[in-house]
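Residue numbers (the UniProt record's numbering): 1 to 346.
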Ligand SMILES: O=C(O)CCC(=O)C(=O)O
Ligand SMILES: [Fe+2]
């Protein structure tokens with residue numbers, strides 16, 4: 001596969017955040033985000049106002065967690081999470097993305113962009129995760145439902161060194177994703193005639209798994225082995241922080257049929273659209289296939305996935321398809337990648 005000279009755009013959010021910026025400057029941000037999402041489904045975001053200190057801190061937390069002895073990590077493994085809440089440590093090789101997917105009976109419908117041209121290879125995840133979500137107390141009536149429950153916190157890491165900064169980072173991401181949803185709402189085709197707040201329902205009591213990701217260095221690399229195989233994200237908007245001086249993330253660009261590397265841009269977050277957003281906007285905002293190559297170097301990243309309000313019924317805004325609930329759609333996509341491990345969701 002040739003690597004293209006194309007690169008994904010970088011968007012500067014600062015005019016949007018500046019109360020003194022002109023309307024014209026704000027409109028330029030909307031245009032840049034909307035173009036990036038409809039062309040590539042991916043962009044680097046700078047000028048977001050999230051201090052580098054907070055970015056460094058989340059990587060420190062990540063290292064602290066993954067450096068724990070395996071038996072400590074297994075005390076908070078995902079199989080210990082309540083019901084279908086899916087929290088905690090996910091060891092390597094649980095999820096598999098297989099090319100040549102066909103709709104299974106649970107899939108509400110499999111969009112065309114999930115169908116692969118080449119059906120032969122099997123891509124296996126080779127990464128380690130620690131997953132958190134909104135902290136839902138064990139006595140909450142919805143506890144144990146998909147993506148809903150208490151987080152699992154490792155007992156040996158002090159509150160102020162781990163739990164507190166992880167939840168602070170989540171809160172910052174929540175604020176940022178709220179801004180992005182506003183911009184994306186404004187960037188929809190005017191001809192559709194929707195109010196710019198048409199996407200806001202996604203932010204009411206949303207499901208947001210956040211994954212601390214660790215790619216261990218590999219010596220013998222099987223060509224079928226990826227850090228994360230070719231996949232699309234399931235939800236609406238993903239915000240990814242990549243560790244400096246690392247590489248591996250690539251996005252598929254259908255126009256040139258090439259994998260475009262997503263470089264680590266200083267002080268930037270990678271923003272990408274997921275399947276739910278793609279479906280909701282009739283493909284206007286593209287959920288792009290992407291993958292992570294493994295290498296001889298260790299890599300950390302942090303992924304924040306705005307799935308959205310799971311009960312929200314979404315109907316493609318361009319009038320092109322059927323209504324589906326966000327929760328059903330995401331649950332079936334996750335179950336698909338988990339295969340035999342989907343018992344964690346039952
Ligand atoms: O670690 C990365 O760079 C991307 C991870 C990813 O695509 C995912 O977890 O869905
Ligand atoms: Fe992804």
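For every residue, glycine included, the Cβ atom is placed at its ideal position computed from N, Cα and C.
CA nearest to the CA of residue i, picked from the options
i, options, result
"residue 181", "165, 236, 216", "236"
"residue 173", "140, 209, 159, 280", "209"
"residue 88", "131, 54, 127, 51", "131"
"residue 154", "30, 222, 75, 263", "75"
"residue 323", "329, 313, 332", "313"
"residue 216", "295, 243, 159", "295"
"residue 262", "45, 14, 21", "45"
"residue 243", "151, 175, 301", "301"
"residue 169", "317, 157, 241, 231", "241"
"residue 137", "158, 128, 186, 82", "82"
"residue 148", "273, 52, 310", "310"
"residue 290", "232, 205, 267, 13", "232"
"residue 350", "271, 41, 220", "Look at the range of the chain in this structure, 1 to 346, and you will see that residue 350 is not part of it."
"residue 202", "305, 299, 36, 144", "305"
Neighbour-count burial assignment, residue i, 16 or more Cβ in a 10 Å radius
i, result
"residue 275", "buried"
"residue 224", "exposed"
"residue 164", "exposed"
"residue 250", "buried"
"residue 199", "buried"
"residue 227", "buried"
"residue 288", "buried"
"residue 20", "exposed"
"residue 186", "buried"
"residue 48", "buried"
Residues sharing a beta bridge with residue i, DSSP
i, result
"residue 129", "90, 213"
"residue 324", "314"
"residue 239", "271, 304"
"residue 135", "149"
"residue 290", "231, 251"
"residue 11", "45"
Heavy atom of ligand 3 within 6 Å of residue i beta-carbon
i, result
"residue 288", "Looking at this structure, you won't find ligand 3 anywhere; what it does contain is ligand 1 and ligand 2."
Any alpha helix (DSSP H) of 4 or more consecutive residues that is wholly inside the stretch 157–207: 163–186
Segments assigned beta strand (DSSP E), at least 3 residues, entirely inside the stretch 36–60: 42–46
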